[in-house]
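*Asks:*
Residue numbers (our numbering), protein chains in the order written: chain A, 4 to 115; chain B, 9 to 119.
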């Protein structure tokens, strides 16, 4: 029974379109993250949020926008999609800093 | 942000032998060093971690060593089994910094 739910599991998008990746965690954690994994850059850190506030950001492009409507939600909006955005996007969470990070199952995005 | 280097990228060992993966980090403020195992098609899962107040930690066949002065840490898997074959990632994090991961090591254990 996954405690970090990511939707959808697979996603195919057309170049130039916009998609939202959904993430909800039921671990009671106050920190949530997005990581991206591709053949070029395994487990690349993107964003971290704590109590719904942006704490750390290593994504250069403004096309990637995290959205936190609730404490246990951290969605990822991606605009103007490019084939290079094709990757598996992992949502993760932890109880505070310097503690175990739990990963969701991931959303595998393919941009054609 | 923190930068983590991980070597080797590919590691092939014989069943029953030991496997070692080495990582280094840049930020002296990093204080938490987890190791994750990722099977094909799965998400990464924590297998062992070590904090900066320790130099060595062992859980069954897994041993992690931390050298804070050299900013290096390593994972040693003793008596490897085919089930240990997977991708392994080291990471480093500190206060106010999310974990940054190394590039990964693909471990293959041959029977």
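Glycine included, every Cβ here is placed at the ideal spot set by N, Cα and C.
(1) Does the distance from the C-beta atom of residue 54 of chain B to that of residue 88 of chain B stay below 9 Å?
(2) Report the residue ranges of all alpha helix (DSSP H) runs contained in full by the segment 74-106 of chain B; include only those spanning at least 4 residues, in chain order.
(3) Of all the options A:16, A:79, A:73, which has the alpha carbon lying nearest to the alpha carbon of residue 60 of chain A?
(4) In the DSSP assignment, find the beta strand (DSSP E) that holds residue 13 of chain B and state where it starts and stops.
(5) Exposed or buried, residue 38 of chain B, counting other C-beta atoms within 10 Å across all chains shown (16 or more means buried)?
(6) Note down, in chain order, all residues in the segment 34-47 of chain B with a beta-carbon under 7 Å from any beta-carbon belonging to chain A.
(7) Can you list, in chain order, the residues of its chain whose CB lies under 6 Å from that of residue 35 of chain A, leaving out five sequence neighbours each side?
(8) Roughly how many angstroms separate the alpha carbons of residue 22 of chain B and residue 103 of chain A, rounded to a whole number?
(9) Between B:93, B:104, B:105, which has its C-alpha nearest residue 85 of chain B's C-alpha?
(10) Could you give the residue range of the beta strand (DSSP E) that holds residue 111 of chain A?
(11) Give the interface partners of residue 3 of chain A over in chain B, defined as CB-CB distance under 8 Å, in chain order.
(12) Cα separation between residue 69 of chain B and residue 44 of chain B?
(13) Out of curiosity, what's the CA-to-CA distance linking residue 107 of chain B and residue 32 of chain A?
(14) So residue 16 of chain B contacts chain A; which residues on that side make the cut at Cβ distance below 9 Å?
(15) Expressed to the nearest angstrom, what Euclidean distance is found between the alpha-carbon atoms of residue 8 of chain A and residue 9 of chain B?
(16) Applying the criterion that 16 or more other CB atoms from any shown protein chain within 10 Å of the CB defines a buried residue, is residue 18 of chain A buried or exposed?
(17) Does DSSP classify residue 42 of chain B as helix, strand or coil?
(18) Can you check whether the CB of residue 82 of chain A is closer than 9 Å to the CB of residue 13 of chain A?
(19) Between residue 62 of chain B and chain A, is there a C-beta pair that is closer than 9 Å?
(20) Thinking C-alpha only, which one of B:58, B:42, B:59, B:60 is nearest residue 52 of chain B?
(21) Where does residue 69 of chain A fall in DSSP's three states?
(22) Could you give the first and the last residue of the continuous beta strand (DSSP E) run that contains residue 58 of chain A?
(23) Buried or exposed for residue 115 of chain A, going by 16 or more other Cβ atoms inside 10 Å?
(24) What's the call for residue 48 of chain B, buried or exposed, on a 16-neighbour Cβ count within 10 Å?
*Replies:* Quick look at the numbers:
(1) no
(2) none
(3) A:79
(4) 12-15
(5) buried
(6) 39, 40, 42
(7) 52, 77, 96
(8) 31 Å
(9) B:93
(10) 110-114
(11) This structure does not reach residue 3 of chain A, given that chain A is present from 4 up to 115, and the question cannot be answered.
(12) 15 Å
(13) 16 Å
(14) Within chain A, no residue comes near residue 16 of chain B; the closest Cβ sits about 14 Å away, beyond 9 Å.
(15) 27 Å
(16) exposed
(17) strand
(18) no
(19) no
(20) B:42
(21) strand
(22) 56-60
(23) exposed
(24) exposed
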